[in-house]
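Have a look at the structure below, then the notes.
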Amino acid sequence: MRIRRRSAVAGIIAATTIIATAPIGANAAPADPSPAAATPLTGEDLDPDYEFVDNRGGSAAPTAGQRSLVRDDNLVTRWNRLGTPASVAPAKGRLATGLAGTPETVARRYLKNSAGLFSLRSAAVDELDTVAQTRIGKGTVVLLRQRYGGLPAAHDGLVAVAVKDGDVLRVTSSLSPRTARPAAARLKAADALAAALTDAKIARAGLADSRVRLVAVPMPGADPRAAYEVVVMGKSADHPLAYTTYVDAVDGSVLMRENLVNFAEDDPHWKVFPATPPAGGADTRQLWCATAATGCARQVLDPATGKPWDVDAATGTPTFTTTGNSAESVRLWGDGSPATPAATRTDREYVYPFTNQWNTSKCDPATLSSPQQADVDAATANLFAMHNRMHDWSYKLGFTEATWNLQKANTLPYGKGGDAERGNAQQGAATATTRNNANQATPPDGMQPTTNMYMWQPFAGAAYPPCVDGDFDMTVIGHEYTHAISNRMVAGPDAGISSTQGGAMGESWSDLTAMEYLFESGYTPRGNTPYVTGGYVTGDLATGIRNYDMSNSPLNYSNYGYDRGSAVHPDGEIWSATNFDVRRALIARYGSGTRAQQESCAAGTTPATECPGNRRWIQLVFDSYLLAATGQISMLDMRDNMITADALRFDGANAELLWNAFAARGMGAGAASGPSDADPVPSFASPYVENSEVTFKALGEAAGKPVRLYVGDYDFGSVPIADTDPATALPDTVTLAPGTYRFLAIGAGFGHKRFTQTIYPGVTSQVGVVMPTNLASAAAGATITGDGTNLGRLTDEAEGTAWTATGGAAGRQVTVDLPTDAAKLVSRVQLSAFPGAGAATSTMFSTVRQFEILTCNAAAGADCASDAGYRVAFTSPANAFDTGQFRPKVPNLVLKSFAVRPALATHVKLRVLTNQCTGNPLYAGEQENDPRSVSDCATGSAAANNAVAAEFQVFSS
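Positions 205 to 1161 (the numbering used here) are the ones given, in order, by the sequence shown.
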């Protein structure tokens, strides 16, 4: 599911159809008797229920006086909608120097000295509450919060100041210049709760947990308003809902609604899969123990309490089950039975049998009532252990009581406690449709967060994973737990991530952090590389649940929205690719260390300043969270936060490395974007290298014609970096850092041309591309007829528009009448199976897989009005658009070039032979033993009846 907020249920994939999460503090709903529905998959549009809603309206622009105070040597990434700087950072050096005193004193002095910039009176700075002071290396991040008439600011009103040795390095803020006392509350708290439930469409009987407190909400261009901050979490297992809603305390209107759902002494022992089970399902679990001993693969103790995981910190005694101070795990099958921990073990030997029953039975629901019960106790214990490991490992990176972590009892004088991670194992296993996902709900500090882990099962035309249990895949468990980390550490204890780019980064951080935990711990999950998320649960060992292996991705910032439109999971892969580059560069500089060094750094025994490059990278990621004073963050904000974190912890030793890595992915010095901008302006220039001013030239038949230049593989959703059209504002020149680039050129009448070129500093001054005429282009005069609707979309030279033909995929065809009556030599075609902007996952299964090309020459007397006049010029391989296990993915469907038998032709026919549903053997046959479900795509899915393609181009060479 998509992320939005603190009580965010962060999911590993996007959900738009039936997906149940665990009811919190309540029994599960009865099993759904309806037939299996399509499984929600990566890239789906967000259900409106999970959108961030802001009814405050308007914005306050900074004054001319404020803008004049931003010196030329400063970078103000953006202004917030309240009228103060959202981000102030210098290009190089410091924002302010020589401010003596404690970090808090320095922060307040800076704000007083910058009163004109932030539009705050000196007295207003004195009234700021100190929320946190967090050490990062030799520096400190001071987080302060406004108060209005005695009420704490909520959602906005925060400022984070990075201080080091009396200097201010960077400031992020959601401060409001309007600080008047709000009108007194008239509404009662109970009425505010009722209003929030009505807005959330949650019946009072369906309420699982809630919290109400009186706060003040800053308003754009207006005085703050008293409001009730109402946190509600629903019980529904088939449609999880959790929100923080701000209800006006005077008139009862809803000011904002934030989604909290984002779619891993004595001597007790736990037997666990440290990463994932092997392919054959053999029991290769390790024994982890609280006391190091022969036969134990790892000693595990809670770093906060120093006690074993199963000890109740309040009483100091063991629970004898899967309950402890940092986590509690239960089965929650969705059959009306109560949430149940793993079977009690008075000997504290949490070593439960594993038979791989869900897999060997091929998803037979009868396994739940068998003696083995689908290995549910082993699954529950595994989930419990993995949540504890994530707690312990992240604790050493700074996710502690002071930064609002997840613990039942806090041992340090910070935070509220009462919020150990709840893990629902095999959630919804007894239902027919709760499958193929995982999610995390993270409410504010002091309220219990929840992870839901599901069973995985193939469904016709929706998803084709193996029959496995997500409770055994640490890449998924770690992913979900990290949503709690990022949502708790970003923007203080009561807010979280609320922008779309922030949501994309949230998904990315979850993938990256799970990967890094496994790497540092010496464990390798299933996958062709150690950097694949969900290889075990999806069965796709190449890219898992994502479009790309994060270590081998072509994505850059200009590609935002490349997968059918803006969506947090695919767009998050841009941030993953960028951060993996940073990680790789730091490893190249500082090494990857020995196993002993990795373990010592992970345990916090060795400081980050002495650790290998990968540990330095993940430390910068965690540090960067604390520099965000708002959940309205962009990728550029977090770029700057990582650079500032490096200055705090490593004295800026890696500034050029960071800038160069970000610039290579389009987040260079000239990039610009708002927090939810779907079309960010990319920049591939770095302030630390000799950049080249390059002129783009279209050559060949396209010389002098309008042609656009992109970086990367994608047309749809991408922002061009240059074009040759004098009628547009985009110039034909662009500044590029040295490096090798993958380019895409597109011109009306000339189709798509992908090419690679290296830019050398001081040498390369031109990027040129030879483009022949696209004979099938409508812009060149071609016309098209045939089956289906929207035929013109095949010849418009835009992959975002798709053609669809119904009546079965095989034999659907279109004919292009080439320009002029004279025959043209046809020797190459290009075809795209991209499903089109906004297409549903089910449409991916209807995209072309195998096809043939036929030609006809009316100039030589052939009858091109009938099939008899055509000759086959090319029959594609059966896997021309090959897609792997789990589901079709966009990278496998974008435009490809095919050489055909050269022929003179006046007409060219495209005929579909199979689509992904009918032609891909991975989606064929019944792959499960669930009588409620169908998995054979050709007979069980409507996708078999359609043919979809986006672009058809024809060339003479």
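We put the beta carbon where it would ideally sit given N, CA and C, even for glycine. Values in this document were obtained by computation on a predicted structure and should not be read as measured data.
Nearest residue (CA-CA) to residue i, options the options
i: ARG1053; options: ASP841, ARG853, ASP1086 and PHE888; result: ASP1086
i: GLY361; options: SER318, PHE524 and ALA695; result: ALA695
i: VAL345; options: SER1046, VAL375, ASP330 and GLU1132; result: VAL375
i: ALA1062; options: ALA1043, ALA984 and VAL1112; result: VAL1112
i: SER1101; options: TRP608, ILE749, PHE663 and ASN978; result: ASN978
i: TRP713; options: VAL923, SER890, MET842 and PRO930; result: MET842
i: GLN961; options: ALA952, PHE947, SER457 and ALA933; result: PHE947
i: SER1036; options: THR1019, THR1059, ALA1064 and PRO1095; result: PRO1095
i: ASN818; options: THR944, LEU852 and LEU601; result: LEU601
i: PHE854; options: ALA832, PRO811 and PRO879; result: PRO811
i: MET657; options: ALA882, GLN490 and HIS683; result: HIS683
i: VAL923; options: PRO1081, THR281, TYR761 and LYS1028; result: TYR761
i: LEU418; options: PRO424, ARG408, LEU332 and THR449; result: THR449
Range of the contiguous alpha helix (DSSP H) that encloses residue i
i: SER272; result: 268-272
i: ILE689; result: 678-693
i: ASN845; result: 839-854
i: HIS181; result: The shown model of the chain, from 205 to 1161, leaves out residue 181, and the question about it has no answer.
i: SER326; result: 326-330
i: LYS316; result: 307-317
i: GLY1123; result: 1120-1123
Bridge partner(s) assigned by DSSP for residue i
i: THR993; result: THR1008
i: HIS152; result: As shown, the chain starts at 205 and ends at 1161. That puts residue 152 outside it, with no answer to give.
i: GLN1157; result: GLN1034
i: SER533; result: GLY627
i: PHE947; result: VAL915 and PHE959
i: ARG339; result: THR344
i: GLY438; result: LEU411
i: TYR450; result: GLU433 and MET460
i: VAL938; result: VAL898
i: ILE988; result: VAL1020
i: THR527; result: GLU532
i: LYS368; result: ASP371
i: LYS566; result: Paired residue(s): none; LYS566 is not in a bridge.
i: LYS1100; result: LEU1035
i: TYR352; result: LEU355
Sequence-distant residues of its chain with Cβ nearer than 6 Å to residue i (five each side left out)
i: THR1122; result: ALA1013, ALA1142 and ALA1148
i: PHE900; result: LEU913, ALA926, ASP936 and VAL971
i: SER1050; result: ASN1119, ALA1147, ASN1150 and VAL1152
i: GLU605; result: ASN614, LEU616, TYR618 and GLY619
i: LEU759; result: GLU777, ILE778 and ALA781
i: GLY1144; result: ALA664 and VAL1138
i: THR939; result: ALA889, ASN895 and GLU897
Cβ shell of residue i (< 8 Å), same chain only, five flanking positions each side left out
i: THR564; result: GLY485
i: LEU411; result: LEU401, VAL436, MET437, GLY438 and LYS439
i: ASN278; result: VAL292, ALA293, PRO294, ALA295 and LEU299
Terminal residues of the beta strand (DSSP E) in which residue i lies
i: SER377; result: 371-377
i: TRP492; result: 490-493
i: SER796; result: Run containing SER796: none; DSSP gives neither H nor E here.
i: VAL280; result: 278-283
i: ASN592; result: No beta strand (DSSP E) holds ASN592; the alpha helix (DSSP H) holding it covers 580-599.
i: ASN643; result: 642-645
i: GLY888; result: The residue asked about is misnamed: residue 888 is Phe in this sequence, not Gly. Counting along the chain, PHE888 falls outside any beta strand (DSSP E), and DSSP gives it neither H nor E.
Contacting residues, own chain, Cβ-Cβ under 7 Å from residue i (five flanking each side not counted)
i: ASP744; result: GLY1088, GLN1089 and PHE1090
i: SER323; result: GLN270, GLY287, THR288 and PRO381
i: LEU840; result: THR281, MET871, ALA875 and SER877
Check whether residue i and residue j have beta carbons under 8 Å apart
i: GLY835; j: GLY700; result: yes
i: PRO478; j: TYR727; result: yes
i: GLY990; j: ALA1154; result: no
i: VAL555; j: ALA629; result: no
i: ASP785; j: ARG730; result: no
i: PRO507; j: ASP596; result: yes
i: ALA718; j: THR654; result: no
i: LEU1099; j: PHE1055; result: no
i: ALA851; j: ASP827; result: no
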